[in-house]
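Protein chains in written order, with the numbering used here: chain D, 1 to 307; chain A, 1 to 395.
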């Protein structure tokens with residue numbers, strides 16, 4: 001394998017990692033600040049993609065659809081928080097898992113009822129040059145660079161919000177001792193509502209960004225959700241920095257496994273079994289690494305405020 | 001004593017009712033036929049199930065709500081892609097609703113779940129999509145018919161098409177599960193050139209950039225892939241976005257009318273293998289496409305066509321027995337004749353009750369009205385009998 005091929009695969013891994021970070025950021029924020037397990041985060045990702053696709057078709061432009069999807073997913077987040085989630089904050093994690101799983105089933109079927117079972121037509125992002133030829137015959141679409149840029153911006157924005165603003169200070173304080181913050185005269189419920197809605201909007205933003213690349217179909221959030229959980233478990237629950245590094249790690253590991261393992265295994269076994277074993281191990285790789293990290297560092301690489 | 005009198009009286013009345021009245025009621029208005037139409041209508045595979053249900057409904061409506069001159073009632077059953085659910089619901093249809101036929105079946109593992117309960121109750125089972133090798137060969141049954149194809153045929157046809165096109169080096173990319181492995185085996189049964197690499201990806205794969213990079217580095221003459229549903233949408237979009245569109249994209253169940261609305265321009269010119277395409281030029285096919293689009297508002301895929309054909313198959317067979325479905329041997333002989341107005345033109349069954357038919361190489365095209373459909377390019381396999389038919393012995 002040539003050096004340029006390795007570099008291209010590294011880029012692929014980093015880009016997949018950034019996309020995972022976009023999804024995991026909202027999840028880890030909500031979990032870290034509110035100690036609330038939100039399985040429905042993947043559904044909010046799906047809704048973001050659907051709303052952006054529908055509004056994009058309606059407006060005739062992908063970017064307008066993306067822009068309009070942000071307030072819509074924010075409102076959906078607020079509505080869900082008000083209807084379901086705020087009644088669960090005081091409950092244990094099992095009750096939260098059950099209730100939010102119910103939300104997944106309900107909203108997946110609702111999406112099917114509204115938009116149908118078949119994958120949706122999505123307008124392709126206009127106004128961008130096609131791509132950069134990074135290897136003979138292989139184009140790297142500029143849109144993927146936009147995704148990477150968006151991921152980095154979100155990471156910076158979150159860091160700034162949480163570490164450098166008054167709201168962020170309250171969020172950190174609320175995470176470590178909610179009753180005390182409440183006693184100081186801060187409406188902690190409203191703060192939590194705002195954090196939750198912001199997390200939902202981040203998920204929606206990730207879904208909207210992913211919609212031109214991935215199939216927009218009912219249940220599209222479920223696969224992503226599992227990987228997002230792997231990311232926040234590896235990174236340390238509640239830690240934005242941990243989520244960012246873990247997302248890159250997962251993206252790179254997954255890509256490296258898929259790119260290299262089948263070829264490496266060919267050195268020790270025959271071609272056809274190497275291919276299938278390689279593929280099987282590659283798909284398990286991130287989970288194996290997660291298990292190892294949980295074993296040696298149960299709180300994750302960069303433990304968040306609650307650990 | 002008292003009770004016995006009562007029982008005797010009741011029995012007499014029942015016998016009288018049975019002997020005296022029932023035949024006349026039957027003559028006046030026979031009970032409607034009941035068909036259980038089983039398809040996956042929820043979960044990720046639901047798009048194909050919808051095509052099939054709508055294809056069946058189109059035919060039944062066209063036939064005025066009758067099959068073979070008898071009123072028909074369709075019980076639509078959602079198997080939820082869960083074998084236990086499929087068995088429970090189908091058993092209920094057999095035992096409680098006493099259905100006369102079971103039709104539909106999107107996925108092979110669902111068919112495998114309901115196959116024995118249905119055929120052992122001596123009810124005719126018509127698959128309109130799933131065609132696993134087990135029931136085409138040794139496990140074939142006199143009560144089982146396919147209006148679709150045997151699973152291997154489209155993959156083999158694509159292998160033949162690659163061979164005919166003179167491709168020397170083909171790159172193979174499939175999901176890592178049984179159907180993916182079957183696809184590779186089917187393709188390689190006809191393609192004799194070099195397979196540069198075979199890549200197996202998990203069924204939950206989102207991003208194909210790693211694989212696409214490998215394809216670009218290998219510079220094959222063509223790729224062969226089998227990526228059903230959302231996987232296919234991801235792959236086709238990303239393949240096109242990466243600028244690989246010039247490498248011929250040979251596929252099965254990856255670009256069809258169920259996924260084309262989402263793939264759009266990205267799929268233009270990509271190849272698939274099918275028994276039928278919406279541009280088939282025969283009156284029956286044209287009428288089907290026209291009616292289907294008017295009623296359901298989208299372009300039918302071959303799944304819809306096979307379900308439509310299943311209804312017409314039953315219609316013709318029941319008509320030949322003058323509406324009698326109780327004489328199973330006669331009905332079977334009538335079904336075996338095939339001979340119904342199929343959207344595929346002439347239609348006949350092989351000895352294992354699977355169609356002997358042409359498999360076409362098809363290509364994605366945009367119609368003048370802006371919708372996408374697959375269109376025939378040429379016959380890849382002519383009058384093809386699947387390779388399991390020879391080992392079928394009908395008991």
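Every residue gets a Cβ at the ideal spot worked out from N, C-alpha and C, and that includes glycine.
**OP:** Let me know the beta strand (DSSP E) ranges lying completely inside the stretch 280-349 of chain A, each 3 residues or longer, listed in chain order.
**Re:** none
Original post:
Got a sec, what are the start and stop residues for the alpha helix (DSSP H) residue 45/D sits in?
Top reply: Reading the first chain from its first residue, position 45 is the one you call residue 45/D. Element bounds for residue 45/D: 41-59.
Original post:
Taking buried to mean at least 16 other C-beta atoms within 10 Å of its own C-beta, is residue 90/D buried or exposed?
Top reply: Locating residue 90/D in the first chain gives position 90, where the first residue counts as 1. Exposed, because fewer than 16 other Cβ atoms sit within 10 Å of the Cβ of residue 90/D.
Original post:
Under a three-way DSSP split, which group does residue 79/D fall into?
Top reply: Counting from one through the first chain, the residue named residue 79/D turns up at place 79. Three-state DSSP puts residue 79/D in a helix.
**OP:** Scan the stretch 205-220 of chain D for residues whose Cβ lies nearer than 9 angstroms to a Cβ of chain A and list them as they occur along the chain.
**Re:** 210, 212, 213, 214, 215, 216, 217, 218, 219 and 220
Original post:
What residue range is occupied by the uninterrupted beta strand (DSSP E) comprising residue 308/D?
Top reply: Any question about residue 308/D goes unanswered here, given that chain D covers just 1 to 307.
Subject >> Cβ-based burial, residue 403/A [other Cβ within 10 Å; buried from 16] >> reply: Coverage of chain A is limited to positions 1 through 395, which leaves residue 403/A absent and any answer about it impossible.
Original post:
Can you list, in chain order, the residues of the stretch 53-79 of chain D whose Cβ is nearer than 7 angstroms to any Cβ on chain A?
Top reply: none
**OP:** Within 10 angstroms of the Cβ of residue 287/D, are there 16 or more other Cβ atoms? Answer buried if so, exposed if not.
**Re:** Residue 287/D sits at position 287 when you count from the first residue of the first chain. It counts as exposed.
Original post:
What residues from chain A crowd round residue 94/D, counting only those whose CB sits closer than 7 angstroms?
Top reply: As a position in the first chain, residue 94/D is number 94, starting the count at 1. Result: empty, since nearest Cβ-Cβ is about 25 angstroms, beyond 7 angstroms.
**OP:** Could you tell me the distance, in whole angstroms, from the CA atom of residue 191/A to the CA atom of residue 142/A?
**Re:** Here the question's residue 191/A lines up with position 191 in the second chain. Here the question's residue 142/A lines up with position 142 in the second chain. Cα to Cα, the separation comes out at about 33 angstroms.
**OP:** Answer yes or no: does any C-beta atom of chain A fall closer than 8 angstroms to that of residue 139/D?
**Re:** Here residue 139/D refers to the residue found at position 139 when the first chain is read from its first residue. Chain A contact via Cβ: present.
Original post:
What residues of chain A sit near residue 129/D, judged by a beta carbon separation below 9 angstroms?
Top reply: Start at 1 with the first residue of the first chain, and residue 129/D comes out as number 129. Correct list: empty, because the minimum Cβ distance to chain A is about 12 angstroms.
Subject >> Any C-beta of chain A under 8 angstroms from that of residue 119/D >> reply: Residue 119/D sits at position 119 when you count from the first residue of the first chain. Cβ-Cβ to chain A under 8 angstroms: yes for residue 119/D.
Original post:
Using the rule of at least 16 other Cβ atoms within 10 Å of the residue's Cβ for burial, across every protein chain shown, is residue 329/A buried or exposed?
Top reply: Numbered from 1 along the second chain, position 329 holds the residue referred to as residue 329/A. Residue 329/A comes out exposed.
Subject >> Nearest residue (CA-CA) to residue 252/A, options 301/A, 320/A and 208/A >> reply: The sequence position of residue 252/A within the second chain is 252, counting from 1. Looking at the Cα atoms, 301/A is the closest of the given residues.
Original post:
Whose C-alpha, out of 371/A, 361/A, 385/A and 353/A, is nearest the C-alpha of residue 124/A?
Top reply: Counting from one through the second chain, the residue named residue 124/A turns up at place 124. Nearest option by C-alpha distance: 353/A.
Original post:
Roughly how many angstroms separate the alpha carbons of residue 283/D and residue 277/D, rounded to a whole number?
Top reply: Within the first chain, residue 283/D is the residue found at index 283, counting from 1. Within the first chain, residue 277/D is the residue found at index 277, counting from 1. So the alpha carbons of these two residues sit roughly 10 angstroms apart.
Original post:
To the nearest angstrom, how far is it from the Cα of residue 289/D to the Cα of residue 243/D?
Top reply: Here residue 289/D is taken as the residue at index 289 of the first chain, counted from 1. Here residue 243/D is taken as the residue at index 243 of the first chain, counted from 1. Using only the alpha carbons, I get a separation of about 15 angstroms.
**OP:** Grab me the residues of residue 193/D's own chain with a C-beta within less than 6 angstroms of its C-beta, minus the 5 sequence neighbours each way, in chain order.
**Re:** What you label residue 193/D is simply residue 193 of the first chain in a count that begins at 1. Excluding positions up to five away in sequence, the list reads 81.
Original post:
Excluding sequence positions up to five away, which residues of its chain have a Cβ less than 6 angstroms from the Cβ of residue 262/A?
Top reply: Numbered from 1 along the second chain, position 262 holds the residue referred to as residue 262/A. Within the same chain, residue 262/A has close Cβ partners 233.
Subject >> Contacts around residue 389/A, its chain only, beta-carbon distance under 7 angstroms, and the 5 residues preceding and following it disregarded >> reply: Mapped onto the second chain, residue 389/A falls at position 389. So the qualifying residues of the chain are 136, 350, 351, 352 and 354.
Original post:
Who are the Cβ neighbours of residue 65/A in its own chain at under 8 angstroms, not counting the five residues just before and after it?
Top reply: In the second chain, residue 65/A corresponds to position 65, counting from 1. These residues qualify, in order along the chain: 71 and 72.
**OP:** Give the residues from the stretch 40-53 of chain D that approach chain A closer than 7 angstroms (Cβ to any Cβ), ordered along the chain.
**Re:** none
Original post:
Hey, quick one: how far does the beta strand (DSSP E) through residue 357/A stretch, first residue to last?
Top reply: Position 357 of the second chain, counting from 1, holds the residue named residue 357/A. Element bounds for residue 357/A: 357-366.
**OP:** Tell whether a beta-carbon distance below 8 angstroms holds between residue 364/A and residue 244/A.
**Re:** Numbered from 1 along the second chain, position 364 holds the residue referred to as residue 364/A. Numbered from 1 along the second chain, position 244 holds the residue referred to as residue 244/A. No, the pair does not count as a contact, with Cβ atoms beyond the cut-off.
Original post:
What are the start and end residues of the alpha helix (DSSP H) that includes residue 90/A?
Top reply: Within the second chain, residue 90/A is the residue found at index 90, counting from 1. 83-95 is the extent of the alpha helix (DSSP H) around residue 90/A.
Original post:
CB residue 218/A to CB residue 184/A, shorter than 8 angstroms?
Top reply: Mapped onto the second chain, residue 218/A falls at position 218. Mapped onto the second chain, residue 184/A falls at position 184. No, the pair does not count as a contact, with Cβ atoms beyond the cut-off.
**OP:** Could you name the residues of chain A that residue 5/D contacts, counting a contact when the two beta carbons are closer than 8 angstroms?
**Re:** Counting from one through the first chain, the residue named residue 5/D turns up at place 5. Those within 8 angstroms of residue 5/D in chain A are 213 and 217.
**OP:** Spell out whether any CB of chain A is found under 8 angstroms from the CB atom of residue 276/D.
**Re:** Position 276 of the first chain, counted from the start, is the residue given in the question as residue 276/D. Taking Cβ atoms only, chain A reaches closer than 8 angstroms to residue 276/D, which makes this a yes.
**OP:** Determine contact between the stretch 38-45 of chain A and the stretch 67-87 of chain A, defined as no fewer than three beta-carbon pairs at a distance below 8 angstroms.
**Re:** yes
Original post:
Between residue 283/D and chain A, is there a C-beta pair that is closer than 8 angstroms?
Top reply: Here residue 283/D refers to the residue found at position 283 when the first chain is read from its first residue. Yes, contact with chain A.
**OP:** Could you confirm whether any beta carbon from chain A is found closer than 8 angstroms to the beta carbon of residue 166/D?
**Re:** Here residue 166/D is taken as the residue at index 166 of the first chain, counted from 1. No, its Cβ sits nowhere closer than 8 angstroms to a Cβ of chain A.
Original post:
Ordered along the chain, which non-local residues of its own chain (more than five positions away) have a Cβ less than 7 angstroms from that of residue 375/A?
Top reply: What you label residue 375/A is simply residue 375 of the second chain in a count that begins at 1. Excluding residues within five positions, the ones whose Cβ falls inside 7 angstroms are 277, 279, 362, 363 and 365.
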